[in-house]
Every structure is written in structure tokens, then in C-alpha cells.
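Novice: Below are the C-alpha cells for one structure; questions will follow.
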Amino acid sequence: MIGNGKSVLSSRDNLSWKYPGGGLESSAMDLARLGMKVFDGSVISAQSLNTLWPGSTFSHNGAQNGAKSYWRLYFNDKTVIAVLSNQNRGNPKELTNTLGSIVKNN
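Just so you know, the sequence shown maps onto residues 317 to 422 in our numbering.
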């Protein structure tokens with residue numbers, strides 16, 4: 317977004333430098349499926365998961381030119397919330413937290 321409040325198209329970003337560090341392009345559905353695989357033990361054993369993340373949630377954010385993301389796993393509820401934004405403005409973390417509160421309270 318530029319100073320006059322209008323959105324502009326971001327230039328295409330060469331993401332090849334991110335691949336060794338896990339910087340891959342995924343959809344919200346891809347991230348939800350990955351979270352469900354974490355819960356069912358396909359990606360990591362329950363024992364390892366409890367050792368690495370003893371709390372009730374795990375989250376991760378990401379950003380690149382023209383995009384932001386936030387992904388949270390709620391272990392007790394086996395709930396995955398993934399929010400992707402195709403703009404640098406906005407707050408995917410805040411939206412994820414709000415959605416998580418709604419899900420947990422219903």
C-alpha cells in the first residue's frame with residue numbers, strides 16, 4: 317500500500333533462497349492438512365511433540381513481499397487455524413487469535 321491509501325501490485329519475489337530454510341509457498345488448506353498430520357502422529361510422534369512443545373498451542377508466522385501468514389495449532393482441541401493475507405497490511409495473528417477464541421468458546 318502506498319501513502320495515498322491505494323493498493324499496488326507487489327513485484328514478483330524470487331523465493332528460491334528460502335527453500336533450504338523451509339520458505340515454501342502453501343495454501344491455507346496445505347497448512348491445515350499439515351497441522352492435522354501433526355495431530356495424528358504422521359509428522360511427529362506424540363511423545364516428541366509433548367517434549368518439544370509442552371504448552372497447549374504452537375504458532376508460526378511468515379511474510380514475504382506482498383503477503384503475510386499466521387498458523388496456530390491448538391493441541392487440546394486438535395484445531396488448526398491458518399490465515400494468509402495477500403497484502404502486507406492487516407494482522408493475520410490477530411485474526412487467528414480471534415478465530416481461535418470463537419472456536420474454543422463454541
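Using N, Cα and C, we set each Cβ at its ideal position, and we do this for glycine too.
1) Counting only C-beta atoms, is G351 closer than 9 Å to chain C at any point?
2) Answer yes or no: do Y390 and P408 have a C-beta to C-beta separation smaller than 9 Å?
3) Provide the residue(s) that pair with N377 in DSSP beta bridges, ordered along the chain.
4) Can you tell which of A379, E410 and L411 has the C-alpha that lies nearest to the C-alpha of N402?
5) Does I418 come out as helix, strand or coil in the three-state DSSP assignment?
6) Could you give the residue range of the alpha helix (DSSP H) that holds L368?
7) If you run the structure through DSSP and keep just helix, strand and coil, what is L400?
8) Quick one: using the 10 Å Cβ neighbour count with 16 as the cut-off for buried, is G351 buried or exposed?
9) Taking buried to mean at least 16 other C-beta atoms within 10 Å of its own C-beta, is T412 buried or exposed?
Specialist: In this structure, then:
1) Included in the structure is just one protein chain, with no chain C present.
2) The residue you call residue 390 lines up with position 74 of the sequence shown. The residue you call residue 408 lines up with position 92 of the sequence shown. Their beta carbons are not under 9 Å apart, which means Y390 does not touch P408 by this criterion.
3) If you number the sequence shown from 1, residue 377 lands on position 61. For N377, DSSP records a beta bridge to Y386.
4) Here residue 402 refers to the residue found at position 86 when the sequence shown is read from its first residue. Closest option to N402, Cα to Cα, is A379.
5) The residue given as residue 418 occupies position 102 in the sequence shown. Looking at I418 - three-state DSSP - the assignment turns out to be helix.
6) Position 52 of the sequence shown, counted from the first residue, corresponds to residue 368. It spans A362 to L368 - the alpha helix (DSSP H) in which L368 sits, taken as one unbroken run.
7) Start at 1 with the first residue of the sequence shown, and residue 400 comes out as number 84. In the three-state scheme derived from DSSP, where H, G and I count as helix and E and B as strand, L400 is classed as strand.
8) Working through the sequence shown from its first residue, we reach residue 351 at position 35. When all chains shown are included, G351 counts as buried.
9) Against the sequence shown, residue 412 aligns to sequence position 96. So T412 counts as buried.
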